[in-house]
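Participant:
Residue numbers (my numbering): 22 to 540.
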């Protein structure tokens with residue numbers, strides 16, 4: 022029996038999920054494999070999608086109002102009309118080959134409805150189909166929408182099930198172009214709060230039954246590569262085993278983040294270590310919003326005009342750290358060139374809040390370059406982080422390509438200032454840390470030169486990891502780095518006097534960061 026590899030993306034933007042669908046669909050179209058994929062996601066930020074048959078007048082709010090409400094608007098290639106997606110809604114994207122599945126498009130649409138009908142029965146609810154209308158209904162209220170696309174016999178897009186959605190989002194549109202129909206949710210029908218995680222397993226099981234496939238957990242690394250075939254010479258490193266744990270620490274992490282409305286760089290940047298770190302009860306907090314004022318070619322974090330800093334964010338980060346019982350708290354941010362201090366005050370306030378909530382915990386900050394402003398750097402350093410991290414990201418020659426709005430010399434200057442600065446009386450100077458990616462077109466010799474520059478500037482810890490293109494729209498992977506190169510850089514760095522050199526394909530800036538301070 023063929024396998025259906027399911028991957029839980031958690032909360033992710035519509036654009037990120039679509040890019041992954043398109044990559045997997047393209048891979049499946051050119052592959053003899055019988056495998057299918059099932060992507061599960063809650064879309065955040067909320068998004069209104071307009072299918073090929075949609076009318077603009079079915080969007081009832083002006084674009085300015087949508088922007089103010091944080092709702093995206095996307096014209097998409099699937100069939101159907103206007104739909105709304107957001108937190109509390111479980112979206113499932115099956116990616117399979119109809120020719121190997123042995124059924125046509127019409128039967129496939131009915132099978133998607135059957136998946137939802139079986140899920141509802143698992144909750145004791147009787148859903149129904151309505152002749153001439155797609156989707157699944159309870160009485161005259163729609164609980165699940167269906168919208169698919171097919172390219173080269175491979176399906177993408179899929180179904181959305183209202184679990185605990187704020188149904189007021191549907192007031193922004195004419196749902197599915199039907200003015201005479203209402204919407205409902207699992208929570209509304211059952212009279213109790215139903216979490217998306219509670220509905221996820223029944224949906225996976227129902228999909229396996231309906232499609233006649235065996236559901237298997239996919240590697241979290243599936244979301245990160247490979248890059249488009251034409252975009253890189255050679256292959257990426259073989260995917261390291263990445264189990265997707267459920268329950269336990271992972272659920273505690275996600276619950277805390279959702280309750281306190283916090284972002285993590287793990288999720289926003291689509292880190293390949295997300296599932297592992299969440300399973301260990303850790304996460305890297307992303308402050309100052311989710312929109313970066315720069316658009317680096319390697320980074321999956323969205324860019325655009327960001328919102329003002331959230332006033333209670335430092336306390337929310339501290340509370341999340343307290344709930345999770347963290348011993349080492351890592352805080353980073355989007356780059357905020359729009360702020361006079363680059364967000365330095367928010368960093369300082371967050372460090373102070375964590376100190377109050379968890380006096381015994383150590384704090385690591387991973388900051389931007391603050392455009393080289395010493396007053397901003399001083400504000401962060403005077404808050405006394407235990408580790409100060411600023412990534413150079415790549416070699417000097419590639420800065421115009423990889424980081425066009427940054428400057429290699431300026432980044433070295435940030436690290437040099439942090440290393441030279443004497444903190445408040447009796448306060449030890451923080452450990453100075455940096456990191457870079459390889460596989461963007463640099464040479465081994467250029468990486469060695471970066472290590473020398475970092476060490477000469479006072480850097481004590483460095484991380485080196487393989488670049489993995491987050492989507493086909495990002496910079497391509499130029500090479501997959503051999504393990505021998507990582508080993509050599511580790512040895513060379515230690516010989517230069519670094520306190521620690523963490524080097525390997527899946528090494529990232531804050532991966533196992535707490536081990537740096539272990540006795």
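All residues carry an ideal CB built from backbone N, CA and C; glycine is no exception.
Using the three-state DSSP reduction, which class does residue 309 fall into: helix, strand or coil?
Facilitator: If DSSP states are grouped into helix, strand and coil, residue 309 belongs with coil.
Participant: Secondary structure at residue 301, three-state DSSP: helix, strand or coil?
Facilitator: At residue 301 the pLDDT is 46, less than 50, meaning the model places this residue with poor confidence; the figure from the coordinates comes in the next sentence. Coil.
Participant: Pick helix, strand or coil for residue 397, following the three-state DSSP scheme.
Facilitator: In the structure shown, residue 397 sits in a helix (DSSP, three-state: H, G or I).
Participant: Nearest CA to the CA of residue 143: which residue from 228, 176, 348 and 186?
Facilitator: The residue with the shortest Cα to Cα distance from residue 143 is 228.
Participant: Would residue 338 and residue 355 qualify as a contact pair, given that the criterion is a beta-carbon distance under 8 Å?
Facilitator: The answer is no: Cβ separation not under 8 Å.
Participant: Quick one: complete beta strand (DSSP E) runs, 3+ long, within the stretch 429–500?
Facilitator: Taking only runs of at least 3 residues, the beta strand (DSSP E) segments lying wholly in the stretch 429–500 are 452–459 and 482–487.
Participant: Near residue 122, which residues of its chain fall below 8 Å by C-beta distance, leaving aside the five closest residues on each side in sequence?
Facilitator: The residues are 57, 129 and 232.
Participant: Could you check which residue in 509, 458 and 454 has the C-alpha nearest to that of residue 520?
Facilitator: Checked all of 509, 458 and 454; the closest Cα to residue 520 is 454.
Participant: Tell me the rounded alpha-carbon separation between residue 441 and residue 309.
Facilitator: Spanning the two alpha carbons is a distance of roughly 27 Å.
Participant: Is the stretch 87–94 in contact with the stretch 66–79, if contact means three or more CB pairs nearer than 8 Å?
Facilitator: Short answer: they touch.
Participant: By the DSSP assignment, the alpha helix (DSSP H) with residue 194 in it spans what residues?
Facilitator: No alpha helix (DSSP H) holds residue 194; DSSP gives it neither H nor E.
Participant: By Cβ distance, which residues of its chain are closer than 7 Å to residue 486, with the 5 residues on each side in sequence left out?
Facilitator: Counting only Cβ-Cβ distances below 7 Å, and skipping sequence neighbours, we find 458, 525, 526, 527, 528 and 529.
Participant: Excluding five sequence neighbours on each side, which residues of the same chain lie with their C-beta closer than 6 Å to the C-beta of residue 435?
Facilitator: Counting only Cβ-Cβ distances below 6 Å, and skipping sequence neighbours, we find 390 and 411.
Participant: May I have the straight-line CA-CA distance separating residue 46 from residue 370, to the nearest angstrom?
Facilitator: Cα to Cα, the separation comes out at about 45 Å.
Participant: Enumerate in chain order the residues of its own chain whose CB-to-CB distance from residue 317 is below 7 Å, with the five nearest sequence positions on each side excluded.
Facilitator: 423 and 424, listed in sequence order.
Participant: What are the boundary residues of the alpha helix (DSSP H) that residue 146 is part of?
Facilitator: Where residue 146 is concerned, there is no enclosing alpha helix (DSSP H), given that its DSSP letter is neither H nor E.
Participant: With distance defined between alpha-carbon atoms, name the residue in 162, 51 and 239 nearest to residue 120.
Facilitator: Ranking 162, 51 and 239 by Cα distance to residue 120 puts 51 first.
Participant: Since residue 461 and residue 415 are thought to touch, with beta carbons under 8 Å apart, how far apart are those beta carbons, to the nearest angstrom?
Facilitator: The Cβ separation is near 6 Å, so the contact holds.
Participant: Helix, strand or coil: which one does DSSP assign to residue 118?
Facilitator: Strand at residue 118.
Participant: Run through DSSP, which three-state label would residue 510 get?
Facilitator: In this structure, residue 510 counts as helix in the three-state DSSP scheme.
Participant: Only counting the same chain, and skipping five residues up and downstream in sequence, which positions put a Cβ closer than 6 Å to that of residue 408?
Facilitator: Closer than 6 Å at the Cβ level, and outside the excluded window around residue 408, lie 385, 451, 452 and 454.
Participant: Using C-beta distances below 7 Å, list every residue in its chain close to residue 206, excluding the 5 sequence neighbours before and after it, in chain order.
Facilitator: So the list reads 164, 183, 184, 185, 186 and 188, once near-sequence residues are dropped.
Participant: At the level of alpha carbons, what is the spacing between residue 359 and residue 397?
Facilitator: The alpha-carbon atoms of residue 359 and residue 397 are separated by roughly 14 Å.
Participant: If you count every other CB in all the chains shown that lies within 10 Å of the CB of residue 112, and 16 or more means buried, which is it?
Facilitator: Residue 112 is buried by the Cβ-count criterion.
Participant: What runs of the beta strand (DSSP E), each 3 residues or longer, lie entirely inside the stretch 79–135?
Facilitator: Qualifying beta strand (DSSP E) stretches, in chain order: 93–96, 103–106 and 110–116.
Participant: Can you give me the Cβ contacts of residue 429 inside the same chain, cut-off strictly under 6 Å, excluding the 5 residues immediately before and after it?
Facilitator: So the qualifying residues of the chain are 417 and 420.
Participant: Who are the near neighbours of residue 149 in its chain, counting only those whose CB is closer than 6 Å to its CB and skipping five residues on each side?
Facilitator: Only 158 meet the Cβ criterion.
Participant: Output needed for residue 320: all residues of its chain with C-beta closer than 8 Å, excluding positions within five of it in sequence on either side, in chain order.
Facilitator: Cβ within range, chain order: 290, 313, 491 and 495.
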